[in-house]
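Chains as they are written, first to last, in this note's numbering: chain A, 1 to 328; chain B, 1 to 304.
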């Protein structure tokens, strides 16, 4: 008899797999773009869960990595249309619309940005860590606002999605399945990582960092590696998001977006990886459904959020699986 | 030179606004150990209530007299119903719950006042400009803001160092259980401190009303700068908040004016303008990152 978690994950996967044909039968194709966004935000929230739920690092600047990844793809595409190089010195870097080049590049840039900022942020703890991640996010936000060449605060539009040999990303259905595949692969990798020696050291840092250090682990390096990996994954989510909407603006890295990512993690269940995906689905669907009834849907979302924090700490996934968000 | 003095005063005025905001927030941080993202909401509430009353009655002072108690009352209700439950929780819960509060207050404001920004006039008795030095005309209203800041700083200093209430608050910050055991109603004390903090935020909002548009979201833009101030000054230290606020106010204001000029020595003027503008918006965050890298606890760490 498989346990509840396995069943629940299976149902979830089946649901996402069957969604495109079902939406086509009922002629509700617009749902596909909403659910693509859910998958992408699910990826970003799950990556945040690695540092938040497992590492105990409360980052209020995670959306910035999505923005960095997204802008990497957007700027590459922009230079590809203009057929002008991004860099001509010290080496020539040409623009591209090829996903096989642009997406790894986005992951790399977001990862490097995560490594540099993480190296500074992780020197601090608690409230200061929250604030300094926020400060870096604001810096990046204003940096992209000031890039008038790429649209400044109005953002940058893509003419079309990136190209991927063999797969037509312009097709919403194929793009949806690609997002799903990326998310599932990430969840498997992250799950293995969390259960590995590395993941256990990071989790232990959350419980008692001093003890981890006494045991001889360089806790700072473990946390930094985790932070960098998480940033790189969020960069990938950003690359997908800019392809999904064919648009990027500094708005996607506003600090309230980072807050929303945290909300997704908590809503779904911290330290569960799958939970944040459920949280992303809940939050985005709630926005969509409440917005149908009232333009003032935030007046419901706000108190709902407070109630979840006060009374349902384990999140939806924790409630559904009953065994809760154990990270062991 | 004249421009420089004027900009110095502008920086001072922004610093004072930030001090009003950060004094309340740092008290709440330092004493209750709680992160309150909704602090900007009280700033917004103060501005909205004052603008409404001032426009209806024509009296700026009446607007302020109504706005401050209203904001303080809202703050104390929030403390009694929600924040009180979060004191013992970790920072993540506090961030998320107060994030929910921002959603709630922003939307409530939109429902009550609509999406159009309100505009508040500078009261006529504070209108016009005064000649400070030969050739330097400075708006009276902005000078009044600076004066209010000086009074508040003085008031807080006297409150904490000279009164019994201030002594109790300081004692409550250093050892909550001991103070409670000595028969002080610590819960009431916390509620009062929170009310004081929200009132200062509302005061900043009222003062900002005539120089900025009163709109939804005005709280968030100043909130982030307030966090920067507190972190630079040292969380929980009112003195740190004062120094941090003036520092951030100066760096932000002077950076915006002079960075493009300074950069134009090195690069072409159009690049200098765009680069300068972006560096200026980033300057306070760079300042904060530098301070935290050198002194992780801020310039004036409050003794725990």
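For glycine and all other residues, C-beta sits at the position ideal for the given N, C-alpha and C.
This one's a predicted model, so the numbers in the text were calculated from it and none came from an experiment.
Beyond the five residues adjoining it in sequence on each side, residue 212 (chain B) comes within less than 7 Å, by CB distance, of 218 in the same chain, given in chain order. Under DSSP, residue 157 (chain A) forms a beta bridge with A:247. Non-local C-beta neighbours of residue 67 (chain A) in its own chain, meaning closer than 8 Å and more than five positions away in sequence, comprise 140, 141, 144, 238, 248, 250, 252 and 253, ordered along the chain.
The criterion of a C-beta distance shorter than 8 Å is not satisfied by residue 79 (chain A) and residue 258 (chain A). Rounded to whole angstroms, the separation of the alpha carbons of residue 116 (chain B) and residue 270 (chain B) is 35 Å.
For residue 138 (chain B), DSSP records a beta bridge to B:130. Scanning its chain for C-beta atoms nearer than 8 Å, with the 5 sequence neighbours on each side dropped, one finds around residue 28 (chain B) the residues 34, 36, 39, 193, 194 and 197, in chain order. Under the 8 Å criterion on CB atoms, residue 10 (chain B) is classed as non-interfacial with respect to chain A. Per DSSP, residue 87 (chain A) is one residue of the beta strand (DSSP E) stretching across 85-87.
For residue 138 (chain A), the nearest CB of chain B lies under 8 Å from its own CB, placing it at the interface with that chain.
Using a CB distance below 9 Å, the part of the segment 277-311 of chain A facing chain B consists of 295, 296, 297, 298, 299, 300, 301, 302, 303, 304, 305, 306, 307, 308, 309 and 310, ordered along the chain. Residue contact check for residue 107 (chain B) against chain A: a CB pair falls below 8 Å. The segment 296-308 of chain A and the segment 73-87 of chain A do not touch, with fewer than three beta-carbon pairs separated by less than 8 Å.
As summarised for the segment 93-135 of chain A, there are no continuous beta strand (DSSP E) elements at least 3 residues long confined to that stretch. Comparing C-alpha distances from residue 230 (chain A) to each of A:170, A:54, A:204 and A:320 shows the shortest one belongs to A:54.
Within chain B, the residues 92, 95, 96 and 99 have their CB atoms less than 8 Å from the CB of residue 262 (chain A), given in chain order. Annotation: residue 74 (chain A) to residue 70 (chain B) spans about 47 Å, alpha carbon to alpha carbon. Here residue 282 (chain A) has 267 as same chain residues with Cβ atoms under 6 Å from its own Cβ, once five neighbours each way along the sequence are excluded. Burial is judged here by how many other beta carbons sit within 10 angstroms of a residue's own beta carbon; residue 208 (chain A) has fewer than 16 and is exposed. A distance below 7 Å between beta-carbons, with the five flanking residues on each side excluded, links residue 305 (chain A) to the following residues of its chain, in chain order: 263. Closest option to residue 232 (chain B), judged by alpha-carbon separation, among B:254, B:298, B:223 and B:220: B:298.
The secondary-structure analysis by DSSP pairs residue 214 (chain B) across a beta bridge with B:118. For residue 164 (chain A), no alpha helix (DSSP H) segment is defined, and its DSSP state is neither H nor E.
Here residue 284 (chain A) has 34, 37, 38 and 41 as same chain residues with Cβ atoms under 8 Å from its own Cβ, once five neighbours each way along the sequence are excluded.
In this structure, the beta-carbon distance from residue 46 (chain B) to residue 205 (chain B) falls below 8 Å. Counting C-beta pairs with one atom in each stretch, the segment 232-241 of chain B and the segment 60-69 of chain B have fewer than three that are closer than 8 Å, which means they do not touch.
For the set A:57, A:172, A:180 and A:149, the Cα lying nearest the Cα of residue 160 (chain A) is the one of A:172. The beta carbon of residue 3 (chain B) lies closer than 8 Å to those of 257 in the same chain, with the five residues before and after it left out.
Any Cβ of chain B closer than 8 Å to the Cβ of residue 128 (chain A) would place that residue at the interface, and such an atom is present.
The continuous alpha helix (DSSP H) containing residue 94 (chain B) extends over residues 91-113. The closest CA to that of residue 151 (chain B), considering only B:295, B:19, B:10 and B:123, is found on B:19. Assignment of alpha helix (DSSP H) within the segment 135-214 of chain B, counting only whole runs of 4 or more residues, yields 140-162, 164-174, 176-181 and 186-208 in chain order. At least one CB atom of chain B sits nearer than 8 Å to the CB of residue 142 (chain A).
With its beta carbon at least 8 Å from every one in chain A, residue 84 (chain B) lies outside the interface.
Counting of Cβ neighbours within 10 angstroms places residue 103 (chain A) among the buried residues, the total reaching 16 or more. Relative to the Cα of residue 296 (chain B), the nearest Cα in the group A:28, A:76 and A:122 belongs to A:122.
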